[in-house]
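Reviewing the structure listed below.
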Ligand SMILES: [Zn+2]
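So this is what it looks like as structure tokens:
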């Protein structure tokens with residue numbers, strides 16, 4: 043394989059220093075699909091970096107086809123200060139695609155990344171979701187592309203989930219995420235969510251590496267077959283979606299379930315307690331499903347998230 047490192051110039055900071063995106067291109071021994079791998083679109087989500095290091099070590103001894111392009115620090119500014127969004131703003135880069143080449147600095151970043159994504163055959167956008175089991179999100183799409191993405195999501199070895207229902211999906215702007223924008227433009231894309239809360243989660247990183255390798259095998263970029271992720275709870279079932287469970291009461295969260303656990307409608311997920319322990323609310327599962335994410339802050343404001351469940355998409 044042939045490896046090339048480059049930096050894409052974006053603009054300058056007030057002190058004159060340069061803002062640029064590191065881009066890594068790995069060319070295989072033969073032609074094949076073009077895969078774009080992006081990491082840290084949210085600057086504080088960094089587990090995927092370790093997945094990338096594992097992947098590059100692996101590719102050195104593998105026979106790869108096609109081309110892998112990696113933009114590992116999409117929100118390069120937020121990364122430097124360990125923040126999700128863009129410094130000195132409330133902007134979220136993953137709600138700003140396809141961007142604007144003549145716009146503000148963050149709009150120019152998303153425009154440059156979009157120009158790479160628009161030439162790719164497949165996009166994998168790697169995030170972290172705090173206290174979670176690793177899962178992969180399928181964005182709304184036409185049936186043909188959706189079925190293909192579900193096949194690839196299933197082949198990744200992570201829990202494949204359809205994204206939120208359309209009302210919530212639109213309201214929180216997921217159509218302007220990198221994967222959402224790609225899919226709307228006919229480019230298959232998946233959002234990978236790995237465990238990781240500010241730092242690097244070691245098992246999550248390993249799962250991320252195996253998932254990318256499995257996707258590359260599925261896309262015929264590697265000829266290696268499927269590797270199972272057996273060290274973290276994954277639910278390899280088709281036809282599930284992610285469902286947010288919120289609490290009305292505010293307070294500290296006292297969980298009665300674990301990540302990966304199967305739960306049944308009406309089952310207690312958590313108690314919301316006041317700081318002195320008084321039970322303010324019992325939060326129960328609205329449907330049968332599996333616990334894929336908990337609130338890593340262990341505290342909730344009014345209407346805040348308590349858990350994400352994987353539930354049957356038709357329910
Ligand atoms: Zn993210």
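Numbering (the numbering used here), first residue to last: 43 to 357.
Note that CB positions come from ideal geometry on N, CA and C, so glycine has one too.
Quick check on this structure: which residue in the options has the alpha carbon closest to the alpha carbon of residue i?
{"i": "residue 285", "options": "328, 277 and 160", "result": "328"}
{"i": "residue 130", "options": "159, 254, 55 and 192", "result": "55"}
{"i": "residue 168", "options": "119, 271 and 252", "result": "252"}
{"i": "residue 114", "options": "125, 136, 133 and 83", "result": "83"}
{"i": "residue 75", "options": "296, 98 and 159", "result": "159"}
{"i": "residue 63", "options": "108, 112, 279 and 317", "result": "112"}
{"i": "residue 122", "options": "241, 190, 150 and 321", "result": "241"}
{"i": "residue 297", "options": "277, 306 and 349", "result": "349"}
{"i": "residue 108", "options": "262, 324 and 272", "result": "262"}
{"i": "residue 356", "options": "282, 278, 266 and 324", "result": "282"}
{"i": "residue 237", "options": "247, 229 and 230", "result": "247"}
{"i": "residue 347", "options": "89, 277, 94 and 287", "result": "287"}
{"i": "residue 147", "options": "96, 60 and 269", "result": "60"}
{"i": "residue 314", "options": "89, 324 and 299", "result": "324"}
{"i": "residue 137", "options": "245, 273 and 220", "result": "220"}
{"i": "residue 90", "options": "249, 207, 73 and 189", "result": "249"}
{"i": "residue 335", "options": "203, 307 and 151", "result": "203"}
{"i": "residue 51", "options": "186, 188 and 151", "result": "151"}
{"i": "residue 276", "options": "99, 116 and 177", "result": "177"}
{"i": "residue 53", "options": "149, 92 and 98", "result": "149"}
{"i": "residue 264", "options": "58, 73 and 207", "result": "73"}
{"i": "residue 65", "options": "317, 243, 116 and 209", "result": "116"}
Can you find the residues in the same chain that come closer than 8 Å, C-beta to C-beta, to residue i, ignoring five residues on each side of it along the sequence?
{"i": "residue 43", "result": "68, 69, 70, 71, 101, 102, 104 and 106"}
{"i": "residue 338", "result": "172, 173 and 239"}
{"i": "residue 120", "result": "82, 84, 85, 86, 126, 127, 128, 129 and 135"}
{"i": "residue 311", "result": "287, 297, 298, 299, 305, 325, 326, 327, 333, 348 and 349"}
{"i": "residue 145", "result": "153"}
{"i": "residue 273", "result": "245, 248 and 249"}
{"i": "residue 187", "result": "225, 228 and 230"}
{"i": "residue 269", "result": "199, 252, 255 and 256"}
{"i": "residue 317", "result": "293 and 294"}
For residue i, I'd like the list of residues in its chain whose CB is within less than 6 Å of its CB, leaving aside the five on either flank, ordered along the chain.
{"i": "residue 77", "result": "110 and 164"}
{"i": "residue 46", "result": "67"}
{"i": "residue 96", "result": "251"}
{"i": "residue 205", "result": "179, 181 and 211"}
{"i": "residue 225", "result": "181, 183 and 231"}
{"i": "residue 223", "result": "139 and 140"}
{"i": "residue 58", "result": "none"}
{"i": "residue 243", "result": "89 and 237"}
{"i": "residue 92", "result": "242 and 247"}
{"i": "residue 330", "result": "306 and 307"}
{"i": "residue 124", "result": "86"}
{"i": "residue 278", "result": "none"}
Return the Cβ separation of residue i and residue j in integer angstroms, given the expectation that the two are a contact with Cβ distance under 8 Å.
{"i": "residue 175", "j": "residue 301", "result": "5 Å"}
{"i": "residue 132", "j": "residue 235", "result": "Rounded, the Cβ-Cβ distance is 22 Å, inconsistent with contact."}
{"i": "residue 162", "j": "residue 271", "result": "Incorrect: roughly 25 Å between the Cβ atoms, too far for contact."}
{"i": "residue 280", "j": "residue 192", "result": "6 Å"}
{"i": "residue 321", "j": "residue 260", "result": "The pair is not a contact, with the Cβ atoms about 47 Å apart (cut-off 8 Å)."}
{"i": "residue 38", "j": "residue 166", "result": "This structure gives no information on residue 38, because the portion of the chain shown stretches from 43 to 357."}
Can you find the residues in the same chain that come closer than 7 Å, C-beta to C-beta, to residue i, ignoring five residues on each side of it along the sequence?
{"i": "residue 304", "result": "332"}
{"i": "residue 118", "result": "61 and 63"}
{"i": "residue 94", "result": "81, 112 and 114"}
{"i": "residue 354", "result": "281 and 282"}
{"i": "residue 308", "result": "326 and 327"}
{"i": "residue 190", "result": "230"}
{"i": "residue 207", "result": "none"}
{"i": "residue 267", "result": "259"}
Could you check whether the Cβ of residue i sits closer than 7 Å to any heavy atom belonging to ligand 2?
{"i": "residue 82", "result": "Absent from the structure shown: ligand 2. Ligands present: ligand 1."}
Pocket of ligand 1 defined by Cβ to heavy atom distance under 5 Å | Listed by chain position, these are 84, 87 and 169.
How do the stretch 152-161 and the stretch 130-142 stand: do at least 3 beta-carbon pairs fall below 8 Å, yes or no?
-> Cβ pair count under 8 Å is three or more, so yes.
Would you be able to state if there are at least three C-beta pairs under 8 Å between the stretch 253-263 and the stretch 192-212?
-> In short, these stretches touch, since the Cβ pair count reaches three.
Spell out a yes or no on whether the stretch 342-356 and the stretch 287-294 are touching, meaning 3 or more CB-CB pairs, one atom from each, closer than 8 Å.
-> The stretch 342-356 is in contact with the stretch 287-294.
At a cut of 8 Å, does the stretch 175-186 reach the stretch 206-222 through at least three beta carbon pairs?
-> With three or more CB-CB distances shorter than 8 Å, the stretch 175-186 counts as touching the stretch 206-222.
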